[in-house]
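Enquirer: Below is a structure I'd like to ask you about.
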Amino acid sequence: MAQPSGGPYGPIPQSYAVPETGTVYYVAPDGDAGVPGTALAKPTTLESAIARVVTGDSIVLRGGTYRTGGLQLNQGITLQPYLDERPVLKGTRVATEWEALRDNVWRTRWEHLFPARPLAWWRLEREGMRTPLHRFNNDMVFVDGRLLLSQGWAGGLGDEGYYIDYDNGYVYIGVDPAEHQVEITAHDIALHRPSREVHGKPSDGKGPTIRGLTFTQYAFRAIDIEGKKPSTGPNDEPTDDPVGVSARHEHGKEVVGTTLENVTISFTSRVAGYFRGDNLTIRNSLISDTGTEGIYLIGSSDSLLERNIVRRNNIEQLTGYYPAAVKIFNQSYDVVVRDNLIVDHPHSNGVWYDVGNVEGVFADNHVEGTLIGLFFEISKGIVVAGNVFVDNQQGIRVLNSSDARVYHNTFYNSPAMFDRNERSAQADHFGWHPQTGPDVDEREGHVFEGNLLVAGAGFAGPLLHFDQPAAMCGTLKRPMTTRVDHNAYVRADAGEQPLVTWSPVAGKDCLAEFATLDAFRKATGLEKQGVSLQGYDGTLFRSMELSRFELAQRPQGMREVPVAAEAAKVLGWSEQPRLPGAYPAAASSTPTR
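Numbered according to this note's numbering, the sequence shown spans residues 258 to 850.
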């Protein structure tokens, strides 16, 4: 079995049959709000249908552009296209009334503005010289579908920038609107799923099923699924749900079973969606060009993300905001992220299990071009297996966590790091967050086996880190890991640069660097069966240019290694020995036809 699968990823075009159960409401961009919408020939509006549906009903959307937002729904229904038509929900309106000013600047008065400020934990004294405050406003301006970038004044806008005078309600651009279509955000959300009564109906506790729709150009977010805490505005912390340490059975139950399939969400100024509630499934969807997060899953267990494409998060390059393409946050259990493409995030982390998560599974994903491909922080237990990490500043980082088991991954120019520090619940910047994870002296139990770590030409840093600050060496004396073995380290360049860093060790800095596996093995007793190939100048992979990271051949000295039972279960492998890495079989030396 190849890991990752190779797709198909993202939305798959298809024809959706009209549901045969419940009441079906047909809607169209030019629908009539005064008709029931139960006949295909007489569609109603989307807003009207949303107000009428009850559990088990369906809304079938005809193709076209729906410029709408603020839709509230609290019933377990289905939203889907009519057959193979393509409905697009847009949060913008077209701006047509412009006033020409001097120096190639135009302005229009706009009634739908979304001023915002950074959340309270953002540190102005550290980040204010890197990220101007106007970037935190949620408005977006598009010229012929191209996003412009917020500027601090009306001079020098050119064809790339816009400026908003919030005091007087004007939007300024530097391109002639007579020659282009200009769209400006008019809605800050497409679909809101409250956990309270709306439209005279109590919540049924069931999440919607959304198939085949596109949501784009929304200020703030496109979808928001509530938990116990009502959804917040842009200036309030949206993620403290639950607040404080919470048992698994006490959260994630207000809205259960939300499903997205073949959905596209793009160009949202903050997140694609806040998703709360157990048994969430997001499959074969595209999440693209988002702000601080793409998918934001909060306090939700037994959820699955698979075969999605998540790309280009933090498009405004905010700093100090801890961005992640996918964030799994605040005491979520058994969340599986499997066989996704997480790509093109030069200013964002990839997937971040953050604060109190328990026993996640991260398997078969291709993660490329991120700050940290997989970040597992202040959490307990994850299996990371069969993934390919390419050109990430860090492939994985396991910080202040316990029991991360990392098996049979391929890391190319993407170091693996395990580290811990003194951060605790005492006087922490984020208050109760550290209470949800292992205590300072419990951040250990990690396993690292059967992985292939490769440094291409010019990559000189260590490939594997086990680090802690020197100040902790007097109190944290046990290693972070229980097993490190059967890994293969390949470096294109020969030399004496460090291969592995290790802590704790006796000495002033608490940290040792090892240029060879023999030295690491001798000092720690670990990596007894590991293999190091330094100065390797052969063809290792089938084709990096085509993202084909199967082994082209068995490198001399590399041999099959055992596969742990839990890795085999997650990957669907037998437990027979295999070569290290995510693609553990070398190609045949003789091509077959």
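Each residue gets a CB set at the ideal place from its N, CA and C atoms; glycine is no exception.
Once the 5 residues before and after A357 are set aside, which same chain residues still bring their CB inside 7 Å of it?
Expert: Around A357: W363.
Enquirer: If we ignore side chains and look at the alpha-carbon of each, how far apart do Q588 and R805 end up?
Expert: Approximately 36 Å, taken between the alpha carbons.
Enquirer: Below 8 Å CB to CB, which residues in the same chain sit around R835 once its five sequence neighbours on both sides are set aside?
Expert: Cβ within range, chain order: H665, G707, E817, V818, V820, P841 and A842.
Enquirer: Among D422, F399 and P459, whose alpha-carbon lies nearest the alpha-carbon of H437?
Expert: Ranking D422, F399 and P459 by Cα distance to H437 puts F399 first.
Enquirer: Within the continuous beta strand (DSSP E) that includes E354, where are the two ends?
Expert: Note, E354: premise wrong, no beta strand (DSSP E); not H, not E.
Enquirer: Report yes if the C-beta distance between A749 and Y793 is below 9 Å; otherwise report no.
Expert: Yes, the pair counts as a contact, with Cβ atoms nearer than the cut-off.
Enquirer: Compute the Euclidean distance between the alpha carbons of S305 and G484, then round it to the nearest angstrom.
Expert: Using only the alpha carbons, I get a separation of about 25 Å.
Enquirer: Alpha carbons only, please: which of A642, F716 and S636 is nearest the one belonging to P691?
Expert: Residue S636 is the option with its Cα nearest to P691.
Enquirer: Counting Cβ pairs, one atom from each stretch, are 3 or more of them under 8 Å apart for the stretch 484 to 502 and the stretch 368 to 382?
Expert: Segments in contact, yes.
Enquirer: With burial defined as no fewer than 16 other Cβ atoms inside 10 Å of the residue's Cβ, what is the status of L381: buried or exposed?
Expert: That one is exposed.
Enquirer: Would a C-beta distance cut-off of 9 Å place N644 and G626 closer than the cut-off?
Expert: The answer is no: Cβ separation not under 9 Å.
Enquirer: Taking the alpha carbon of P338 as the point to measure from, which residue in N519, T538 and V592 has its own alpha carbon closest?
Expert: Minimum Cα distance to P338 is reached at N519.
Enquirer: Can you confirm whether the stretch 614 to 622 touches the stretch 524 to 532 when touching is taken to mean that 3 or more C-beta pairs between the two stretches lie within less than 8 Å?
Expert: Cβ pair count under 8 Å is below three, so no.
Enquirer: What do you reckon, are the CB atoms on T467 and L370 nearer than 9 Å?
Expert: It is Ile, not Thr, that sits at residue 467 in the sequence shown. Result no, Cβ atoms of I467 and L370 do not sit closer than 9 Å.
Enquirer: Just checking, does the stretch 443 to 458 make contact with the stretch 411 to 418 on the three C-beta pairs under 8 Å criterion?
Expert: Result no; under three Cβ-Cβ pairs closer than 8 Å.
Enquirer: Look at the Cβ atom of D498, then the Cβ atom of H506, and state whether they are nearer than 9 Å.
Expert: In this structure, H506 does not lie closer than 9 Å to D498 by Cβ.
Enquirer: With G351 and V439 assumed to form a contact (beta carbons below 8 Å), what rounded beta-carbon distance in angstroms separates them?
Expert: The question names Gly, but residue 351 in the sequence shown is Val. Going by Cβ atoms, the distance from V351 to V439 rounds to 7 Å, so yes, they are a contact pair.
Enquirer: Between F477, V345 and G402, which has its C-alpha nearest N395's C-alpha?
Expert: Here the closest residue by C-alpha is F477.
Enquirer: Give the list of continuous alpha helix (DSSP H) stretches no shorter than 4 residues that lie fully inside the stretch 751 to 799.
Expert: Listed in chain order, they are 774 to 781.
Enquirer: Decide if the stretch 697 to 715 is in contact with the stretch 727 to 746; the criterion is three or more beta carbon pairs, one per stretch, under 8 Å apart.
Expert: The answer is yes - the stretch 727 to 746 touches the stretch 697 to 715, with three or more Cβ pairs under 8 Å.
Enquirer: Let me make sure I understand the geometry here. Which of Q574, K347 and P372 has the alpha-carbon closest to that of T471?
Expert: Out of Q574, K347 and P372, K347 has the C-alpha closest to the C-alpha of T471.
Enquirer: Over the uninterrupted alpha helix (DSSP H) stretch that includes V827, give me the two end residues.
Expert: Counting along the chain, the alpha helix (DSSP H) containing V827 begins and ends at A822 to L828.
Enquirer: Thinking C-alpha only, which one of P726, G638 and Y427 is nearest T693?
Expert: Residue G638 is the option with its Cα nearest to T693.
Enquirer: Using only the alpha-carbon positions, how far apart do T312 and P300 sit?
Expert: Near 20 Å, if we compare the C-alpha coordinates of P300 and T312.
Enquirer: Going straight from the alpha carbon of A443 to that of T473, what length do you get?
Expert: Cα to Cα, A443 sits roughly 12 Å from T473.
Enquirer: In terms of residue numbering, what span does the alpha helix (DSSP H) encompassing I307 cover?
Expert: Segment L303 to R309, the alpha helix (DSSP H) holding I307.
Enquirer: Whole-angstrom Cβ separation of G426 and R366, contact assumed at under 8 Å?
Expert: With 8 Å as the limit, G426 and R366 qualify as a contact, their Cβ atoms being about 5 Å apart.
Enquirer: Name the two residues that bound the continuous alpha helix (DSSP H) containing R851.
Expert: This structure leaves residue 851 out entirely; the chain is present only between 258 and 850.
Enquirer: Determine, using beta carbons only, whether L303 and V455 come nearer to each other than 9 Å.
Expert: No, they are not a contact pair.
Enquirer: Would you identify the three-state DSSP class for D401, choosing helix, strand or coil?
Expert: DSSP places D401 in coil when its eight states are reduced to three.
Enquirer: Following the continuous beta strand (DSSP E) through L721, name the residue where it begins and the one where it ends.
Expert: Unbroken beta strand (DSSP E) run through L721: L721 to D724.
Enquirer: Would you say L390 and E573 are within 9 Å of each other, going by their C-beta atoms?
Expert: No, the pair does not count as a contact, with Cβ atoms beyond the cut-off.
Enquirer: Taking Cβ positions, are R921 and L561 nearer each other than 9 Å?
Expert: Given that the chain is displayed from residue 258 to residue 850, the structure contains no residue 921 and the question cannot be resolved.
Enquirer: Would you mind stating whether V513 and N536 have Cβ atoms separated by less than 9 Å?
Expert: A contact, by the Cβ cut-off of 9 Å.
Enquirer: DSSP state of T322, grouped into three classes?
Expert: DSSP places T322 in strand when its eight states are reduced to three.
Enquirer: Leaving out five residues before and five after G320 in sequence, what residues of the same chain have Cβ atoms less than 8 Å from its Cβ?
Expert: Here the set comprises P338, Y339, E342, R343 and P344.
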